[in-house]
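In this note's numbering, the protein residues as written are 208 to 625.
Presented below is the structure to which this report refers.
This is how it looks when you write it as structure tokens:
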């Protein structure tokens, strides 16, 4: 039970992962994190809405474990596909490693309800602790040391996530194999039989489901792809092409089936080029589910599953890399357009300020031109008034002043007309 204490600190006390985006994106991530809530509050029943959300993720994990439970070896599930882990691992990367307690509980529930495990309780708890602590540590490293952008907006973030998924899968698969070997659940010769499917299953589960879940969390207000009338036929075309490709792959013999696996690259790469990382995530998820379903229907054994899933991992890495590169280009173009718009706005403001300065200067000059003759006219009028009031005033001089005053007023009128 010490494992639970390791992975259950308050998620709000953890340092938020660095987001290489603008302030709007960072604010959106903060709001989503608050909506997800903290696991310790759920554990003690303090916050009912948070408990409901955590229960949804826990139920999703158990359901996906039920869907992916196809093969077992000496009571150990070895189907090389673990989508439930990918979903919960995304939550751990986004919200904190304390969500590993959901993974711990999910593994126990899956062992009891789905796998109908006959293992001893000590082994079941040890398996759950190894998985929860192992991936909790990986998630903590991603958040605190790698400073991963949970939006996966950069190629480095995708590469770090894939590397972390593989590293965690290797460590957990090795520890589980050693645990089962130590408790005599498997023989030494069975290590390779159990280790490789566990490794491939966890790695492909994280590679396919974690990016998709992260994108869904960040786009919680809507779908990752913006649907439109033109997008629906495109999606149907992708579905048709993937279906035909799987029919060709499964319809051929085993060797040729692997040979034709490259057909699945076309729809995934096209979707990634067209819609960036979101298109890659959705197309990869559909391809993975369709592939597993077809292999299960045709009763392929765990070895064939592992071989196909290894190829699927290569397809997943390719699709994610192409998708994130396209998304980076789209984001760069968008930022360039926004910068250009801001530059045009600044230029417009500068031009408007220049026009204002010009008008202000013209107004000052106009006032000066009008003020000078009006001041002279006022002085001439006062002089004429003084002459006329004085006894024996010089009328000719008053007449000259009045004539000059009229000329000054006419000059001011001419300035206004110009």
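Each residue gets a CB set at the ideal place from its N, CA and C atoms; glycine is no exception.
Excluding the 5 residues flanking it on each side, residue 588 has same chain C-beta neighbours closer than 7 angstroms at 612, in chain order.
Under the rule that a run must span 4 or more residues, the alpha helix (DSSP H) segments found entirely inside the region 439–520 read 461–466, 472–504.
Ranking 338, 566, 519, 534 by CA distance to the CA of residue 479 puts 534 first. 8 angstroms or more divides the Cβ of residue 317 from the Cβ of residue 417. Secondary structure note for residue 323: it is in no alpha helix (DSSP H), with a DSSP letter that is neither H nor E. The residues 449, 450, 453, in chain order, have a CB closer than 8 angstroms to that of residue 497 in the same chain once the five nearest residues on each side in sequence are set aside. Residue 580 sits in a helix when the DSSP states are folded into three classes.
Shortest Cα-Cα distance from residue 347 to any of 303, 524, 472, 259 involves 303. For the set 469, 485, 519, 263, the Cα lying nearest the Cα of residue 287 is the one of 519. Counting C-beta pairs with one atom in each stretch, the region 385–405 and the region 327–345 have three or more that are closer than 8 angstroms, which means they touch. If you look at residue 422, you'll find it in the alpha helix (DSSP H) that goes 398–425. Rounded to the nearest whole angstrom, the CA to CA distance from residue 306 to residue 344 is 11 angstroms. In the three-state reduction of the DSSP assignment, residue 358 falls in the coil class. When DSSP states are grouped into helix, strand and coil, residue 601 belongs to the coil group. With a cutoff of 8 angstroms on beta-carbon distance, residue 470 and residue 456 are scored as near each other. When C-beta atoms of the region 365–383 are compared with those of the region 396–405, three or more pairs fall below 8 angstroms, so the two segments count as touching.
Burial is judged here by how many other beta carbons sit within 10 angstroms of a residue's own beta carbon; residue 468 has at least 16 and is buried.
Rounded to whole angstroms, residue 521 and residue 277 show a C-alpha spacing of 22 angstroms. The beta carbons of residue 342 and residue 299 sit closer together than 8 angstroms. In the structure shown, the three-state DSSP call for residue 525 is helix.
Inter-residue distance for residue 410 and residue 486 is about 20 angstroms (C-alpha atoms, whole angstroms).
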